[in-house]
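Below you'll find the structure, written out as structure tokens, and then a few comments.
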Amino acid sequence: MLSATQLSTMLTLQDGMNKKVNPDWLNAGYAYLRAAMIESVEGIEHHGWKWWKAQQKDLPQLQMELVDIWHFALSDIIIGFDGDIAKSADTIAQELASGRNQVTFDGKNYTFTELDILDNLELMAGLCAAKRFDVPLFIQIVEQAEMNSDELYRQYVGKNVLNFFRQDHGYKDGSYIKIWTGREDNEHLVDVLNSLDINLADYSDQVYAGLKQRYPS
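The letter at position 139 of the sequence shown is residue 188 when you use this note's numbering, and the numbering goes up by one with no holes.
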């Protein structure tokens, strides 16, 4: 389970990233759950679901989609508490400690611990389309994607640093280069994360330095 420190750290990072994009992000009306819905569908694509063609599951990219969804979900939760990080963290912690394994959607009860990852991704997409996010469902999907809480935290911090890196290198004005030596920046991030110890005191700085070293000059 995510610790109180991890939750506080991630929520603080998310608030900082959002402020970098727009200092008044809390009042901007951004459709964070719409973004989470799209990422849920992309997760289905990375897993593979088509019966009419051969497909191979891309687990690292599926995990990265889940990390992206967590960014959007945390943003939506922070908005729900008018920017109060402590209340946001407490609410997520209570949801995680509840032990709940069901969600009601469109009048039907779903026991998500009994569903496979594709059905759960589809359920999450539907909930996000209805402007709802369910934390226990999300964590179930994370576990089904072969991640534990520490791995979610590791990848979240990594992707948050990538978002800062993108902003620092022209993402907003369109000058950012997303393909480096034939590979997307997300793929380079996976390599950087795999080369570092999560317990480093300057972990986030090391991730940033690793990306900078690989970025085309």
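For each residue, glycine too, the CB sits at the ideal point set by N, CA and C.
Quiz item: Where does the unbroken alpha helix (DSSP H) through T153 begin, and where does it stop?
Solution: No alpha helix (DSSP H) contains T153, which is instead part of the beta strand (DSSP E) from Q151 to F154.
Exercise. Label N158 either buried or exposed according to how many other C-beta atoms from any shown protein chain fall within 10 Å of its C-beta, with 16 as the threshold for buried.
Key: Classified as exposed, N158 has fewer than 16 neighbouring CB atoms from the shown chains inside 10 Å of its CB.
Exercise. May I ask which residues mark the beginning and end of the alpha helix (DSSP H) holding N243?
Key: Where N243 is concerned, the enclosing alpha helix (DSSP H) stretches over D234 to N243.
Quiz item: Across which residues does DSSP place K157 in a beta bridge pair?
Solution: DSSP, once it has assigned bridges, lists F154 as partnering K157.
Practice problem: Could you work out which residue in M173, Q189 and D199 is closest to L56 when comparing CA atoms only? | Solution: For L56, the closest of M173, Q189 and D199 by C-alpha to C-alpha distance is D199.
Practice problem: With a threshold of 16 other CB atoms inside 10 Å of the CB of I141, please say whether the residue is buried or exposed. | Solution: I141 is buried by the Cβ-count criterion.
Quiz item: Bridge partners of W229, per DSSP?
Solution: As a beta-bridge residue in DSSP terms, W229 pairs with R232.
Practice problem: Less than 8 Å between the CB atoms is what I'm expecting for Y234 and L211, so what's the real figure, rounded? | Solution: A small correction: the amino acid at residue 234 is Asp; Tyr does not occupy that position in the sequence shown. Contact between D234 and L211 holds, since their C-beta atoms are separated by about 6 Å, short of 8 Å.
Quiz item: Is it true that the segment 215 to 226 meets the segment 126 to 133, where meeting means three or more beta-carbon pairs spaced less than 8 Å apart?
Solution: Touching, no, given that fewer than three Cβ pairs across the two stretches are closer than 8 Å.
Self-check item: Residue burial classification, Q112 (beta-carbon count within 10 angstroms, cutoff 16)
Solution: Burial is judged here by how many other beta carbons sit within 10 angstroms of a residue's own beta carbon; Q112 has at least 16 and is buried.
Quiz item: Between I87 and L145, is the Cβ-Cβ spacing less than 8 Å?
Solution: For I87 and L145, no; Cβs fall outside 8 Å.
Exercise. Tell whether a beta-carbon distance below 8 Å holds between L238 and G207.
Key: Yes, they are a contact pair.
Practice problem: Could you tell me whether the segment 169 to 177 touches the segment 78 to 96, using the rule of 3 or more Cβ pairs below 8 Å? | Solution: Here the segment 169 to 177 makes contact with the segment 78 to 96; the two share three or more CB pairs at distances below 8 Å.
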